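A short worksheet on the structure shown next.
There are 2 protein chains.
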Amino acid sequence: MARPEVDVAALVAAATEGQPRAVARLISLVEDRSASLREVSAALTPLAGRAHIVGITGSPGVGKSTSTSALVTALRAQGRRVGVLAVDPTSPFSGGALLGDRVRMQDHALDDGVFIRSMASRGHLGGLSATAPQALRVLDAAGCDVVLVETVGVGQSEVEIAGLADTTIVLLAPGMGDGIQAAKAGILEIGDVFVVNKADRDGAQATRRELRSVIAMTDRADGSWTPPIQLTTATTGEGVDEVVDAITAHREHLDVSGQLTRRRLARIRREIEGLALAEVRARFDHLSGDARLDTLADQVLAGATDPFAAADTLVETL
Amino acid sequence: MARPEVDVAALVAAATEGQPRAVARLISLVEDRSASLREVSAALTPLAGRAHIVGITGSPGVGKSTSTSALVTALRAQGRRVGVLAVDPTSPFSGGALLGDRVRMQDHALDDGVFIRSMASRGHLGGLSATAPQALRVLDAAGCDVVLVETVGVGQSEVEIAGLADTTIVLLAPGMGDGIQAAKAGILEIGDVFVVNKADRDGAQATRRELRSVIAMTDRADGSWTPPIQLTTATTGEGVDEVVDAITAHREHLDVSGQLTRRRLARIRREIEGLALAEVRARFDHLSGDARLDTLADQVLAGATDPFAAADTLVETL
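These protein sequence lines map, in sequence, to chains A and B.
So the first sequence is numbered by the UniProt record's numbering: it starts at 1 and just counts up by one.
So the second sequence is numbered by the UniProt record's numbering: it starts at 1 and just counts up by one.
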């Protein structure tokens with residue numbers, strides 16, 4: 001491989017010192033799947049693993065971005081460094097594009113203890129799951145104590161988000177029929193902390209009660225953790241400190257129970273499998289005009305072999 | 001591999017003698033991806049290659065199934081054995097399910113020179129392109145001189161159909177704005193023979209003129225063939241013999257120009273690639289719990305290697 005033009009080592013060193021431009025540049029490199037991607041990944045992997053990755057998910061209208069912003073404020077008040085990765089599965093635009101209309105996030109724009117990054121996943125090979133782990137490693141290596149991963153817009157990536165996170169917050173709001181919606185979307189299984197936002201509205205307590213009884217009936221992968229349900233009013237910050245306490249408690253539970261390592265290993269296995277499959281697919285994409293494939297096709301046309309045997313041969317020779 | 005219960009050799013022998021039940025059984029075996037699939041494919045591949053595969057495509061409402069039926073009648077009048085593969089990309093149901101409401105096809109139900117088979121592709125791994133080539137080989141080996149492949153229902157499989165066929169018929173109807181629709185769907189590039197059906201309606205000649213001028217401006221892969229445009233009224237059979245003449249002429253053109261072999265080799269290459277990719281994906285699916293993957297994930301978590309290097313290792317060991 002030709003030496004990439006980018007000085008990855010210098011960028012990584014600058015990022016670990018918390019320089020925002022180096023962090024942004026590294027995320028761009030992994031997101032663009034640049035020639036430096038492998039080098040960036042190799043440099044970052046040993047530096048990652050310290051940050052607590054927290055996914056935030058919920059239906060449109062529950063106040064996801066307001067809640068994310070309120071969580072950033074609460075975490076900063078505790079002196080923790082925070083990263084935010086806002087993923088838009090429906091947009092092909094990345095970078096600062098999304099942040100313009102997310103006024104609340106701009107409260108944190110001048111805080112050098114906060115890194116905010118939006119990321120598009122549409123049109124990216126392998127979608128969210130292919131690129132986000134690398135971007136999370138950048139924010140992790142940059143010294144973030146907590147990284148919040150949030151989906152922007154409507155999408156079915158709730159479960160994908162949970163797959164990236166150590167702790168998943170599921171947001172609901174009263175009176176949106178969210179109890180049933182949530183059950184349908186399978187997000188009851190993935191929530192480690194539940195938040196009923198817009199608690200100043202009618203029906204918040206009823207939603208909490210409904211949630212509690214549904215959760216009690218749900219089979220959960222980690223039976224040793226009972227997910228708390230916190231009421232918040234993200235616009236005023238009411239209840240948000242308690243959400244921070246809940247995610248901190250969940251992180252401790254993960255540590256003590258050994259779940260943290262198990263979750264992260266499962267995540268890494270999926271990542272390796274995804275990258276390996278992408279690599280194989282790339283090799284196939286380069287096959288057109290390949291003499292081996294031509295020879296096999298000739299043999300099938302002549303009836304000397306069949307397509308399955310030819311495919312086996314092809315797999316063996318790759 | 002355990003010996004499959006099915007006596008493939010006997011089935012293939014019966015199919016080549018034109019026994020309808022053997023043909024139907026073999027298509028079921030390839031469609032269900034049964035344990036015998038490879039054996040069936042190996043037995044059929046040397047027997048295939050004689051039939052002229054003709055794809056029929058067009059927007060809903062242009063009279064596709066009526067045209068297919070009329071073509072069967074015209075081909076039978078010439079004494080040719082005909083296969084029909086009706087593919088429904090939106091239905092999970094196969095077999096006779098679709099034929100019940102296709103009254104015209106029942107005209108041919110008692111003709112032992114006609115094999116009619118519907119095939120679902122939804123939910124099938126790899127969709128149409130994975131299973132259809134095998135089913136076409138069955139009909140080919142069963143002695144069909146021409147096999148018509150038609151999509152049933154609305155779908156975006158026009159181009160896929162063309163990829164399966166030696167000759168592709170594109171059907172249009174007057175006054176449906178099909179000229180522009182066709183250009184958008186890219187079917188002008190894939191049509192070898194164009195048919196303006198419902199020619200008894202106003203605007204048929206205008207549609208033909210419009211088509212002719214648009215085709216003249218279209219870049220075509222095979223520049224040595226000018227696609228004819230035939231007017232038909234499939235309900236009465238008017239013009240259908242001329243369509244048969246046109247596809248016969250195209251087949252001769254393919255033979256003489258060497259395009260037939262080139263098209264078929266390209267098709268086989270895609271088939272081999274698809275099967276090889278499916279095979280690799282199947283191997284990955286069996287990886288969960290695999291010790292090699294676990295070891296690699298441990299190493300990534302420990303920072304001893306990175307996910308890309310781990311993926312490379314995984315690909316090498318498969």
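Beta carbons are placed, not taken as given, at the ideal position from N, Cα and C, and that holds for glycine.
Being a predicted model, the structure only gives us computed values, none of them experimental.
Here residue 273(A) is buried, its C-beta having at least 16 other C-beta atoms within 10 Å. Within the stretch 215-264 of chain B, the runs of beta strand (DSSP E) that reach at least 3 residues and sit entirely inside it are, in chain order, 229-231. In the three-state scheme derived from DSSP, where H, G and I count as helix and E and B as strand, residue 62(B) is classed as coil.
Distance from the CA atom of residue 64(B) to the CA atom of residue 171(B), rounded to whole angstroms, is 7 Å. For residue 144(A), the CB contacts under 7 Å within the same chain, skipping 5 residues up- and downstream, are 51, 81, 82, 83 and 115 in chain order. The DSSP assignment places 37-44 as complete runs of the alpha helix (DSSP H) inside the stretch 22-73 of chain A, in order along the chain (cut-off: 4 residues). Of the other Cβ atoms in all chains shown, fewer than 16 fall within 10 Å of the Cβ of residue 206(B); this residue is therefore exposed.
The beta carbons of residue 174(A) and residue 198(A) sit closer together than 8 Å. Residue 300(B) carries a helical assignment under DSSP once its states are collapsed to helix, strand and coil.
Taking 7 Å as the cut-off between beta carbons, none of the residues of the stretch 134-148 of chain B comes near chain A.
Closest by C-alpha distance to residue 189(B), out of 62(B), 212(B) and 204(B), is 212(B). Neighbours of residue 280(B) in chain A, taken as residues at a C-beta separation under 7 Å, are given in chain order as 280 and 315.
Residues of chain A whose Cβ lies closer than 7 Å to the Cβ of residue 34(B) do not exist; the shortest such Cβ separation is about 13 Å. Shown here for residue 305(A): same chain residues with a beta carbon closer than 6 Å to its own, the five before and five after excluded, namely 299 in chain order. Interface with chain A (8 Å Cβ-Cβ cutoff): residue 41(B) is included.
Residue 256(B) and residue 193(B) have their C-alpha atoms spaced approximately 17 Å apart. Listed along the chain, the chain B residues whose CB falls inside 8 Å of the CB of residue 272(A) are 293, 296, 297, 300, 307, 310, 311 and 314.
The secondary-structure analysis by DSSP pairs residue 317(B) with nothing; it has no beta-bridge partner. For residue 231(B), same chain residues with a beta-carbon under 6 Å away, outside a window of 5 residues either side, are 196, 199, 204 and 239 in chain order. In the three-state DSSP reduction, residue 131(B) falls in the helix class (H, G or I). About 15 Å separates the Cβ atoms of residue 307(B) and residue 36(A), ruling out a contact at the 8 Å cut-off.
Proximity to residue 38(A) across 290(B), 27(B), 309(B) and 258(B) peaks at 309(B), based on C-alpha coordinates. Looking at 43(B), 54(B) and 259(B), the one whose alpha-carbon comes closest to that of residue 221(B) is 259(B). Relative to residue 150(A), the option among 140(A), 142(A), 282(A) and 162(A) whose CA is nearest is 162(A). Its Cα nearest to that of residue 43(A), the residue 141(A) stands out among 141(A), 77(A) and 25(A). By the rule that beta-carbons nearer than 8 Å mark a contact, residue 260(B) does not touch chain A.
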